[in-house]
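The following block contains the structure:
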């Protein structure tokens, strides 16, 4: 009995030690950034985890615009682009997935194969063309073009996820509604979409975080500092001046990370269900 | 039918032949309104796009003949749009022929072809799925398919800094650029260096995230572990913070001269400063560490979900057979996880193969390598980005894009086939 108990204790002991170390490696960079954002000065040389003379100067600096620095404009740009991409891709993806899941029409098979293929070719392949296209159409710096590109890129993969999820909803549900005289549109809006909520959450999350995580495509299209999104803006902040404005970057990074992380953790349950149910079985 | 045989040609065939000019076949089937509509669409199509076809195809073949009047790249784009419009036109032309044939067949069988209102209603009913699909597909054509075709087409031209409008024209050069990748010494060595690191990067970074994610999920899943919810929330944090922010934070922490890793962590352990940003090998180590940090939470979350869905009686049966903890893991847990998560695991690999952000944002693909357009840690995608944005080697970038796409598709196809997870459902 004793040896079993002791083994259990050492096992649990090691587990807590391990999880503690992993947590430390997760918190350290985050805490370091928070610390840096309250430190005085611009460089990181004198930065300490717990600032000796904490200051809010860097957060105040974020509200000001100067030369190529437009933090709040970048923030709004990112928010706008992410929201529009999310809404549009949820609408287009669910319509397309509904058609592929519930109707048999000429071209369906080919369409699905095309989507599968496009899902594999990275949207990166289009980089050179987008670079040329934006200039040709005079749409350099256009957020509208960027949103359309993001939504287009989101369609193939998300349609596959959504179609897989809709396939798992029994057809007998729509059939009985059809007998009751419901139209296709009503079946779609009032029966299928409420049931597909977990997967809608996944598509919405992909739509929102996709643009927020993109650097390559947006840096090709957005050239004017006022039109930048946060990834380009913050990257330039630390790459242009070689660490000179690192503390301002830290403040800006904290200001975007905290709301995103909170929303993410609150909504986590919703899209995790979608991921594990839809994603794992394809 | 007998009537048709007497005449030698069935009504259906005749109607099809007549609708070589769209609408005429429909007139012959006595569907006057529909015929008018078809004819009108055809006239508008030809009239509206004649100029596009004329200019487009001329431009597509010649890529321009006169500077500074012609811009090869704009002409190429117009040409491709003309091809797309022609494709859509041919599709409608085919539908027109089929419509004439179908209704002609109805006449042959002694039926009366549907009236305009009826056939309009039929059309809207049959076209419901097309109506659903068309906004998405149209957007896909113009923002994804067209740009990809355009990039691919550029690979067969010599478009670069020295063939740029308005002073110069570009030309079709066939497979020349591809040949040069493998024959010009500097290009070949760069290509194979980058490809080699891309493959190593993909395999190691993805496998590390997957292994760590699965391992931690199993650790947290232990029944007698306390504060499960807390651990799970903490372990998901790296996923919750926007990735680009984390990468940039790490770029600061790994800085050779003022970063916290060298100045605080290693210093307190009495280890000399490591050249993280200036020695390619150390940059690679840092990149692998960061990607594991960023990548494991996603796998962790999904594995946790899968673990909770393993039927409990499997373990009870194993316990009866006297299986050890390790045997239970090897024979029940691991196979269950791997089969359930195959698609997600594959996407990890394709994701890292194209993981531009971490390579470019962390150290710009650097440190720089002498006489090379690629840095010491550049993977294919970041090299392509640099060739496009920094050295204007568009044709080379496009050719590499094609090679990259084929590589990804090939691997993905083999894998998807093997897992069967994407079978038609």
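Residue numbers (this note's numbering), protein chains in the order written: chain A, 1 to 282; chain B, 1 to 425. Quick reminder that beta carbons are idealized off the backbone N, C-alpha and C, glycines included. As the structure is a prediction and not an experimental result, all values here were calculated from the model.
Residues bridged to residue 69 of chain A (per DSSP): Here residue 69 of chain A corresponds to residue number 69 of the first chain, with the count starting at 1. DSSP, once it has assigned bridges, lists A:66 as partnering residue 69 of chain A.
Nearest-angstrom beta carbon gap, residue 277 of chain B and residue 262 of chain B [assumed within contact, 8 Å]: Numbered from 1 along the second chain, position 262 holds the residue referred to as residue 262 of chain B. Numbered from 1 along the second chain, position 277 holds the residue referred to as residue 277 of chain B. Not confirmed; about 10 Å, so no contact.
Ordered list of beta strand (DSSP E) runs contained in the region 10-70 of chain B, each at least 3 residues: Fully enclosed beta strand (DSSP E) runs of 3 or longer: not present.
Inter-residue CB distance, residue 253 of chain B and residue 29 of chain A (contact presumed, cutoff 8 Å): Against the second chain, residue 253 of chain B aligns to sequence position 253. Against the first chain, residue 29 of chain A aligns to sequence position 29. Confirmed, Cβ separation roughly 6 Å.
Secondary structure of residue 276 of chain B, DSSP reduced to three states: The residue you call residue 276 of chain B lines up with position 276 of the second chain. In the three-state DSSP reduction, residue 276 of chain B falls in the coil class, being neither helix nor strand.
Counterpart residues of residue 157 of chain B in DSSP-defined beta bridges: Here residue 157 of chain B refers to the residue found at position 157 of the second chain. Residue pairing by DSSP places residue 157 of chain B opposite B:172 in a beta bridge.
Interface residues of the region 203-234 of chain B facing chain A [CB-CB below 8 Å]: Along the region 203-234 of chain B, the positions whose C-beta sits under 8 Å from a C-beta of chain A are 216, 219, 220, 222, 224, 225, 231, 233 and 234, read in chain order.
Rounded C-alpha distance that separates residue 126 of chain B from residue 75 of chain B: Indexing the second chain from 1 puts residue 126 of chain B at position 126. Indexing the second chain from 1 puts residue 75 of chain B at position 75. The alpha-carbon separation between residue 126 of chain B and residue 75 of chain B amounts to approximately 38 Å.
Chain A contact for residue 136 of chain B (CB, 7 Å cutoff): Here residue 136 of chain B refers to the residue found at position 136 of the second chain. Taking a beta-carbon distance threshold of 7 Å, residue 136 of chain B counts as an interface residue toward chain A.
Rounded C-alpha distance that separates residue 95 of chain A from residue 142 of chain B: Translated into positions along the first chain, residue 95 of chain A becomes position 95. Translated into positions along the second chain, residue 142 of chain B becomes position 142. In this structure, the straight-line span from the alpha carbon of residue 95 of chain A to that of residue 142 of chain B is close to 18 Å.
Whole alpha helix (DSSP H) elements within the region 234-319 of chain B, 4-residue minimum: For the alpha helix (DSSP H) assignment, the uninterrupted runs of no fewer than 4 residues enclosed by the region 234-319 of chain B are, from N- to C-terminal side, 243-253 and 280-308.
Closer than 6 Å: residue 268 of chain B CB and nearest the ligand HEM heavy atom: The ligand HEM is absent from the structure shown, which contains no ligands of any kind.
Delimiting residues of the alpha helix (DSSP H) encompassing residue 205 of chain B: Within the second chain, the letter at position 205 stands for residue 205 of chain B. First-last of the alpha helix (DSSP H) with residue 205 of chain B: 185-221.
Counted within 10 angstroms of its Cβ, other Cβ atoms place residue 25 of chain A as buried (16 or more) or exposed: Residue numbering aside, residue 25 of chain A sits at position 25 when the first chain is read from its first letter. It counts as exposed.
Minimum C-alpha distance to residue 65 of chain B - residue among B:319, B:168 and B:213: On the second chain, residue 65 of chain B is found 65 positions in, with the first residue counted as 1. When only C-alpha atoms are compared, the closest one is B:168.
Cα-Cα separation between residue 133 of chain A and residue 239 of chain A, rounded to whole angstroms: Residue mapping note: residue 133 of chain A aligns to position 133 of the first chain, counting from 1. Residue mapping note: residue 239 of chain A aligns to position 239 of the first chain, counting from 1. C-alpha separation (whole angstroms): 27 Å.
Proximity test, Cβ basis, 7 Å: residue 425 of chain B and chain A: Residue 425 of chain B sits at position 425 when you count from the first residue of the second chain. For residue 425 of chain B, the pLDDT reaches just 36, beneath the cut-off of 50, and the residue's location in the model is therefore unreliable, although a value from the coordinates is still provided. The beta carbon of residue 425 of chain B falls within 7 Å of a beta carbon belonging to chain A, placing the residue at that interface.
For residue 41 of chain B and residue 11 of chain B, the rounded distance between their alpha carbons: Indexing the second chain from 1 puts residue 11 of chain B at position 11. Indexing the second chain from 1 puts residue 41 of chain B at position 41. Distance between the alpha carbons of residue 11 of chain B and residue 41 of chain B is about 24 Å.
Interface flag, residue 204 of chain A vs chain B, CB-CB below 7 Å: In the first chain, residue 204 of chain A corresponds to position 204, counting from 1. False, the Cβ-Cβ gap to chain B never drops below 7 Å.
Residue 121 of chain B: first and last residue of the uninterrupted alpha helix (DSSP H) it sits in: Indexing the second chain from 1 puts residue 121 of chain B at position 121. 116-126 is the span of the alpha helix (DSSP H), which, as asked, contains residue 121 of chain B.
Any C-beta of chain A under 7 Å from that of residue 19 of chain B: Translated into positions along the second chain, residue 19 of chain B becomes position 19. Chain A, which has no Cβ nearer than 7 Å to the Cβ of residue 19 of chain B, makes this no.
Same chain only: Cβ atoms within 8 Å of residue 195 of chain B, ignoring 5 sequence neighbours per side: Along the second chain, one-based indexing puts residue 195 of chain B at 195. For residue 195 of chain B, where only same-chain residues beyond five positions count, the Cβ hits under 8 Å are 380.
Cβ neighbour criterion (16 or more within 10 Å) applied to residue 133 of chain B: Within the second chain, numbered from 1, the residue matching residue 133 of chain B stands at position 133. By the 10 Å Cβ count, residue 133 of chain B comes out buried.
Residue 48 of chain B burial status per 10 Å Cβ neighbour count (16 or more: buried): Here the question's residue 48 of chain B lines up with position 48 in the second chain. Residue 48 of chain B comes out exposed.
Test: residue 349 of chain B CB closer than 7 Å to a CB of chain A: Taking the first residue of the second chain as position 1, residue 349 of chain B is located at position 349. It does not; no Cβ of chain A falls within 7 Å.
Under 8 Å by beta carbon: chain A residues contacting residue 354 of chain B: As a first step, residue 354 of chain B must be located in the second chain, where it is residue number 354. Contact note: residue 354 of chain B reaches chain A through 122 and 124, using a C-beta cutoff of 8 Å and chain order.
Closest by C-alpha distance to residue 338 of chain B, when choosing among B:211, B:156 and B:322: As a first step, residue 338 of chain B is located in the second chain; it is residue number 338 there, counting from the start. Among B:211, B:156 and B:322, the Cα nearest to that of residue 338 of chain B belongs to B:211.
Contact with chain A by residue 150 of chain B, beta-carbon distance below 7 Å: Sequence index remark: in the second chain, residue 150 of chain B carries index 150 (1-based). The beta carbon of residue 150 of chain B sits closer than 7 Å to some beta carbon of chain A.
Reduced DSSP category for residue 88 of chain B - H, G, I as helix; E, B as strand; rest coil: The sequence position of residue 88 of chain B within the second chain is 88, counting from 1. DSSP places residue 88 of chain B in helix when its eight states are reduced to three.
Within 7 Å of chain A by C-beta, residues of the region 300-329 of chain B in sequence order: Of all residues in the region 300-329 of chain B, those with a C-beta nearer than 7 Å to a C-beta of chain A are 301, 302, 305 and 306, reading in chain order.
Straight-line gap, residue 130 of chain A to residue 286 of chain B (C-alpha atoms, nearest Å): As a first step, residue 130 of chain A is located in the first chain; it is residue number 130 there, counting from the start. As a first step, residue 286 of chain B is located in the second chain; it is residue number 286 there, counting from the start. A direct Cα-to-Cα measurement between residue 130 of chain A and residue 286 of chain B gives close to 32 Å.
Where residue 197 of chain A falls: helix, strand or coil (DSSP): Position 197 of the first chain, counted from the first residue, corresponds to residue 197 of chain A. The three-state secondary structure of residue 197 of chain A, taken from DSSP, is helix.
8 Å Cβ shell around residue 171 of chain B - same chain, five flanking residues per side excluded: Taking the second chain and counting its residues from 1, one reaches residue 171 of chain B at position 171. Close CB contacts of residue 171 of chain B within its chain, under the 8 Å cut and outside five residues either way in sequence, are with 63, 72, 157, 158 and 163 (chain order).
Under 7 Å (Cβ pairs) to chain B, residues found in the region 162-191 of chain A: Answer in chain order: 164, 167 and 184.
Beta-carbon contacts of residue 82 of chain A that lie in its chain and below 7 Å, excluding the five residues immediately before and after: Locating residue 82 of chain A in the first chain gives position 82, where the first residue counts as 1. Correct list, in chain order: 208, 211 and 212.
Min CB distance residue 381 of chain B to chain A below 7 Å: Stepping through the second chain from its first residue, residue 381 of chain B is reached at position 381. Yes - at least one Cβ of chain A is within 7 Å of the one on residue 381 of chain B.
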